[in-house]
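Read the structure below first, then the notes.
2 protein chains.
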Amino acid sequence: MTAQDMKETILKAAEKMIRSRGYNGFSFREIADAVGVKSASVHYHFPTKGALGAAVARRYSDDFLSSLGPVDEAPMDAVGVQKRLHDLSRRSLVEENLMCLCGMLGAEVADLPGEVAAEVRVFFERSVAWTEAALARTEWGTRVGQTRRRKLALSTLATSEGALVLARSMGDISVFDEIDLPAPD
Amino acid sequence: MTAQDMKETILKAAEKMIRSRGYNGFSFREIADAVGVKSASVHYHFPTKGALGAAVARRYSDDFLSSLGPVDEAPMDAVGVQKRLHDLSRRSLVEENLMCLCGMLGAEVADLPGEVAAEVRVFFERSVAWTEAALARTEWGTRVGQTRRRKLALSTLATSEGALVLARSMGDISVFDEIDLPAPD
DNA sequence: TCACATCTATCTACTGATAGATAAATGGAG
DNA sequence: CTCCATTTATCTATCAGTAGATAGATGTGA
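Protein chains in written order, with the UniProt record's numbering: chain A, 1 to 185; chain B, 1 to 185.
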């Protein structure tokens, strides 16, 4: 396995652990056991826990945005835009029973190393920016101003993150689908 | 200080720590330092970390419901009901920069001791039940069915929890107020 | 050969938890 | 009221386990 592959493997394992247990809920030893190396080897690739956490968040952020796709291929109706965002959360819940990485880290943000908190912030800024831009292309988006588009973007994102928490806490995945996204009008 | 006072003091300190750092982010020693005793004394009052966490959650749940007040004193309009709920989250954000305890624990729920996870679930069930009941008294609530009332209760709660995460993650409390609650119609 | 990757071994600090001692408060029995 | 037993609440000391991190040896592939 090349060094790059090992880094990827570590990042994947770390992402999964953070998304189910939180930043304070995983350790270098667990990561190492999961990928079949020693914890010192994990430190070789990521010198500190903060560096590893930040790399996981950055990678997640990139993947998330790339799953949303280019803005100019987003749905042309506002509800479609919201759904594309919401479905990403839904899939991670249904297929893996995992939190959104940045929903998890966002809750813990006050206790994160600065470099990790910064990446979490970037994730939300990018996600809001994508949604605002996609909404701007819709008929609804042209009728309303930038302020309204930003509000809908933030509200939609907040609803998705909250829906994950409620569905998992109540031990009933179907709760996620009982939750309505805010209406564009 | 009486034993009951000490228990209360410990519960308050633990609540604050969990709400800013999460369940895996606090320790008996930190609690003990914060209240000026030794960690063994904390174990005297709460034998295990799970017992302490569950007691904190139970107390928080009781306080939260009591802050909402009796259902028969809730606002008689649907938006007013939503706002009463949402304002509790808003206050904890603005006044203390803290997460909702069960929003925090809800994110970590997959890694919590069973007794703690159970209390988190109870919190959400009670909160949804209060909101459903309050909505049932409104003009809107009488027009729509129980299913619609439950959906609005869940959606409102999810939005509040998500709004806390976004506002804190983005390092800008005013983001909370940019987020709209789902409209009753 | 040599740079990279991983290992072994270890460090200090902290975790939740327990044992045993102790001082102070409480509560009956004579 | 007083003496003695018990309970309460705390302490010190310690446990085994794990945390993140580091130094230096080992191996391995180009």
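Cβ coordinates follow ideal geometry from the N, Cα and C atoms, glycine included.
What three-state label does DSSP hand residue i in the structure shown?
{"i": "N24(B)", "result": "helix"}
{"i": "A183(A)", "result": "coil"}
{"i": "E178(B)", "result": "helix"}
{"i": "G50(B)", "result": "helix"}
{"i": "E161(A)", "result": "helix"}
{"i": "K12(A)", "result": "helix"}
{"i": "M104(A)", "result": "helix"}
{"i": "I173(B)", "result": "coil"}
{"i": "A34(B)", "result": "helix"}
{"i": "A74(A)", "result": "coil"}
{"i": "M17(A)", "result": "helix"}
Go through its chain and collect everything with a Cβ distance to residue i's Cβ below 7 Å, but skip five positions before and after it.
{"i": "V81(B)", "result": "A74, P75, T131, A134, L135 and T138"}
{"i": "V35(A)", "result": "T9, I10 and A13"}
{"i": "S41(B)", "result": "A32"}
{"i": "G141(B)", "result": "A78, L135 and R149"}
{"i": "L52(B)", "result": "A14 and F46"}
{"i": "G50(A)", "result": "P113, E115 and V116"}
Assign residue i to one of two classes, buried (16 or more other C-beta atoms within 10 Å of its C-beta) or exposed (fewer than that).
{"i": "D33(A)", "result": "exposed"}
{"i": "I173(A)", "result": "exposed"}
{"i": "D111(A)", "result": "buried"}
{"i": "S89(A)", "result": "buried"}
{"i": "E95(A)", "result": "exposed"}
{"i": "E161(B)", "result": "buried"}
{"i": "G145(A)", "result": "exposed"}
{"i": "G69(A)", "result": "exposed"}
Please work out which residues of its chain come closer than 8 Å, Cβ to Cβ, to residue i, disregarding the five sequence neighbours upstream and downstream, and give them in chain order.
{"i": "A54(B)", "result": "P113, E115, V116, A118 and E119"}
{"i": "R168(B)", "result": "L93, N97 and M99"}
{"i": "V71(B)", "result": "W130, A133, A134 and R137"}
{"i": "M104(A)", "result": "I18, R19, G22 and Y23"}
{"i": "V37(A)", "result": "M6"}
{"i": "F26(A)", "result": "A14, M17 and I18"}
{"i": "L152(A)", "result": "A78, Q82, T131, L135, P182 and P184"}
{"i": "V56(B)", "result": "L11, A14, E15, I18 and L101"}
{"i": "S67(A)", "result": "L88"}
Tell me the residue span of the alpha helix (DSSP H) that contains residue i.
{"i": "A136(A)", "result": "G114 to A136"}
{"i": "D87(A)", "result": "A78 to E96"}
{"i": "T2(A)", "result": "From DSSP, T2(A) is part of no alpha helix (DSSP H); its letter is neither H nor E."}
{"i": "A110(A)", "result": "It is not in any alpha helix (DSSP H) - A110(A) carries neither H nor E in the DSSP assignment."}
{"i": "G141(B)", "result": "E139 to R143"}
{"i": "A40(A)", "result": "S39 to H45"}
Could you tell me which of the options sits nearest to residue i, measuring between CA atoms?
{"i": "V122(B)", "options": "H45(B), R58(B) and G25(B)", "result": "R58(B)"}
{"i": "Y23(B)", "options": "L164(A), E108(A) and R91(A)", "result": "E108(A)"}
{"i": "R91(B)", "options": "F176(B), S155(B) and T156(B)", "result": "F176(B)"}
{"i": "M17(B)", "options": "N97(B), A153(B) and S89(B)", "result": "N97(B)"}
{"i": "S61(B)", "options": "G50(B), L101(B) and D87(B)", "result": "L101(B)"}
{"i": "K127(B)", "options": "G141(B), E178(B), F64(B) and T147(B)", "result": "Reading the sequence as shown, one finds Ser at residue 127(B) and not Lys. S127(B) has its Cα closest to that of F64(B), out of G141(B), E178(B), F64(B) and T147(B)."}
{"i": "H86(A)", "options": "M6(A), M1(A), G171(A) and L154(A)", "result": "L154(A)"}
{"i": "T159(B)", "options": "V144(A), Q146(A) and L181(A)", "result": "L181(A)"}
{"i": "T147(B)", "options": "E161(B), F124(B), M170(B) and P184(B)", "result": "P184(B)"}
{"i": "M170(B)", "options": "G106(A), S66(A), T48(A) and F26(A)", "result": "G106(A)"}
{"i": "E125(B)", "options": "H43(A), L166(A) and M1(A)", "result": "L166(A)"}
{"i": "K83(A)", "options": "L157(A), T2(A) and Q4(A)", "result": "L157(A)"}
{"i": "Y44(B)", "options": "K151(B), Q4(B) and R143(B)", "result": "Q4(B)"}
In chain order, what residues of the same chain have a beta carbon less than 6 Å from the beta carbon of residue i, not counting five sequence neighbours either side?
{"i": "I179(B)", "result": "A163"}
{"i": "F28(B)", "result": "S39 and V42"}
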